[in-house]
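Visitor: Here the protein sequences line up with chains A and B, keeping their order. To get my numbering, take the position in the first sequence, counting from 1, and add 2. To get my numbering, take the position in the second sequence, counting from 1, and add 263.
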Amino acid sequence: MNKIVSTPKVLDDALIGALSRVTLFKGLSRTQLIWVISATSRVVVDADKCFYESGDVTDVLFILISGGVTIEKATKDGLRSISEISPGQTFAELAFVDSRPHTTRARATSKSLALSLHKYRLTSTHDVAMILYRNIAAMQSQRLRKLNEQN
Amino acid sequence: MTDPRSYTTDDSLVAVLGKVSLFADLSRPQLAFLLGATSRVVIPEGKLFFDEDDSADSLYVFIAGEAVVEKRTAADWLLLAKLNPGQIVGEMAIVDRLPRSARVRAVKNCLAIRLDIAGLESSHEIAAIVYRNIARTITERVRAYTDLDDKRRE
Numbered sequence: 003m004n005k006i007v008s009t010p011k012v013l014d015d016a017l018i019g020a021l022s023r024v025t026l027f028k029g030l031s032r033t034q035l036i037w038v039i040s041a042t043s044r045v046v047v048d049a050d051k052c053f054y055e056s057g058d059v060t061d062v063l064f065i066l067i068s069g070g071v072t073i074e075k076a077t078k079d080g081l082r083s084i085s086e087i088s089p090g091q092t093f094a095e096l097a098f099v100d101s102r103p104h105t106t107r108a109r110a111t112s113k114s115l116a117l118s119l120h121k122y123r124l125t126s127t128h129d130v131a132m133i134l135y136r137n138i139a140a141m142q143s144q145r146l147r148k149l150n151e152q153n
Numbered sequence: 264m265t266d267p268r269s270y271t272t273d274d275s276l277v278a279v280l281g282k283v284s285l286f287a288d289l290s291r292p293q294l295a296f297l298l299g300a301t302s303r304v305v306i307p308e309g310k311l312f313f314d315e316d317d318s319a320d321s322l323y324v325f326i327a328g329e330a331v332v333e334k335r336t337a338a339d340w341l342l343l344a345k346l347n348p349g350q351i352v353g354e355m356a357i358v359d360r361l362p363r364s365a366r367v368r369a370v371k372n373c374l375a376i377r378l379d380i381a382g383l384e385s386s387h388e389i390a391a392i393v394y395r396n397i398a399r400t401i402t403e404r405v406r407a408y409t410d411l412d413d414k415r416r417e
């Protein structure tokens, strides 16, 4: 079961430094990063437990801070790992933008800490929302270009 | 095909923009603001909206005329799609800032609305909605690819 530890109240320079290197947050100022931290919750998931399961509707974006996560998809032969998430990477972007149920599950490969950002928090800050959605669009665009090249 | 000259008023263009999926959820005042940040471009028959490998800082809403999307092959140009009124071209390049992956050519005289990044981002509220819609559109294509990949594996 996911455990929400806290909503960070104390600004953490190390955390701000770490977030500034996350692709999703490229272009955000220090002030905006501080806002992001204040808008997130910290979630700890034990090894082999899931941040979300296939079919869940979450509207939440995760930023992995420590530990490891594997994204798994159900196939007729069982669960297949399609992506490994390392600290500093984000996951659940697809469901975050289209609000559809997850088609995969995100399983912690070791005890993991992530920040979770709920979509509704973005409605109150247009400048941060603009940059985050632009970055998500850019990340998906690059993913689509790679898929186009492979096919 | 609708005559490009029939789109002469802001009201008619706002109505067109309101039907574009990329501008879904924008209010009429926001659509009117967005229209003010655009420029109307007429592309004569045989000319290009943009060429493959061009640097990208704008997207186009195709309004009227006849145009095709083409990609260079070893021998010639491969037809990828024909544009329909209200269709967007160039949205991927404005978010990832990579060169155009295809060219768009006017087969007949065309009218389009050109929206550049600076114009779009002149309102952060509108830009947030449009970028979210671009992300949704691209995500749908990514999901379609991954679904296809899953079917191939089965």
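Yeah, the Cβ is synthetic: ideal placement off N, Cα and C, and Gly gets one too.
Nearest CA to the CA of B/Pro292: which residue from B/Ser302, B/Leu280 and B/Leu285?
Guide: B/Pro292 has its Cα closest to that of B/Leu280, out of B/Ser302, B/Leu280 and B/Leu285.
Visitor: Which residues in the same chain as B/Thr400 place their Cβ atom closer than 6 Å to its Cβ, once the five residues preceding and following it in sequence are excluded?
Guide: If we look at B/Thr400 and ignore the five residues flanking it on each side, it has no Cβ neighbours.
Visitor: Rounded to a whole number of angstroms, what is the C-alpha to C-alpha distance between B/Phe313 and B/Pro362?
Guide: Taking the straight line from one Cα to the other gives about 10 Å.
Visitor: Just verifying my parser: in three-state terms, what is the DSSP assignment at B/Glu403?
Guide: Reduced to three states, the DSSP call for B/Glu403 is helix.
Visitor: For a cutoff of 8 Å on Cβ pairs, would you count B/Tyr408 as touching chain A?
Guide: Answer yes: the Cβ-Cβ gap between B/Tyr408 and chain A drops below 8 Å somewhere.
Visitor: Along the chain, where does the beta strand (DSSP E) that runs through A/Gly70 open and close?
Guide: Unbroken beta strand (DSSP E) run through A/Gly70: Val62 to Thr77.
Visitor: At the 8 Å Cβ level, is B/Glu388 part of the contact set with chain A, yes or no?
Guide: By this cut-off, B/Glu388 is an interface position.
Visitor: Among all the DSSP beta bridges, which residues are the ones paired with A/Thr92?
Guide: DSSP lists A/Ile65 as partners of A/Thr92.
Visitor: Could you name the residues of the same chain whose beta carbon sits closer than 6 Å to that of A/Ile87, not counting the 5 residues immediately before and after it, in chain order?
Guide: Cβ neighbours of A/Ile87 beyond the five flanking positions: Leu66, Val71 and Phe93.
Visitor: If you measure from the CB of A/Pro103, is any heavy atom of the ligand COA nearer than 7 Å?
Guide: Ligands displayed in this structure: none; no statement on the ligand COA is therefore possible.
Visitor: Using a C-beta to C-beta distance shorter than 7 Å, which residues of chain B count as neighbours of A/Gln142?
Guide: Correct list: Ala398, Ile401, Thr402 and Val405.
Visitor: Cutting at 8 Å between CB atoms, please list the residues of its own chain near B/Leu342, excluding the five before and the five after it.
Guide: Around B/Leu342: Val331, Val332 and Glu333.
Visitor: Using the beta-carbon of each residue, which ones in chain B are nearer than 7 Å to A/Tyr135?
Guide: Those within 7 Å of A/Tyr135 in chain B are Ala391, Tyr394, Arg395 and Ala398.
Visitor: Taking Cβ-Cβ distances shorter than 8 Å, what residues in chain A pair up with B/Glu384?
Guide: In chain order: Met132.
Visitor: What separation, rounded to the nearest whole angstrom, lies between the Cα atoms of B/Asn425 and B/Leu374?
Guide: Outside the shown range of chain B (264 to 417) lies residue 425 of chain B, about which nothing can therefore be said.
Visitor: Please tell me whether B/Asp359 has its Cβ less than 8 Å away from any Cβ of chain A.
Guide: Yes - at least one Cβ of chain A is within 8 Å of the one on B/Asp359.
Visitor: If you reduce the DSSP assignment to three classes, tell me which class A/Val59 lands in.
Guide: Correct three-state label for A/Val59: coil.
Visitor: Please compile the residues from chain B whose C-beta is within a distance smaller than 7 Å of the C-beta of A/His120.
Guide: Going along chain B, no residue has its Cβ under 7 Å from A/His120, so there is no contact; the nearest lies around 15 Å.
Visitor: According to the neighbour-count rule (16 or more other Cβ atoms, all chains shown, within 10 Å of its Cβ), is B/Ala356 buried or exposed?
Guide: Buried is the call here.
Visitor: Let me see if you follow: with CB-CB separation under 8 Å, is A/Arg123 close to chain B or not?
Guide: Chain B contact via Cβ: absent.
Visitor: Is A/Leu96 close to chain B, meaning its C-beta is less than 8 Å from at least one C-beta of that chain?
Guide: Yes - at least one Cβ of chain B is within 8 Å of the one on A/Leu96.
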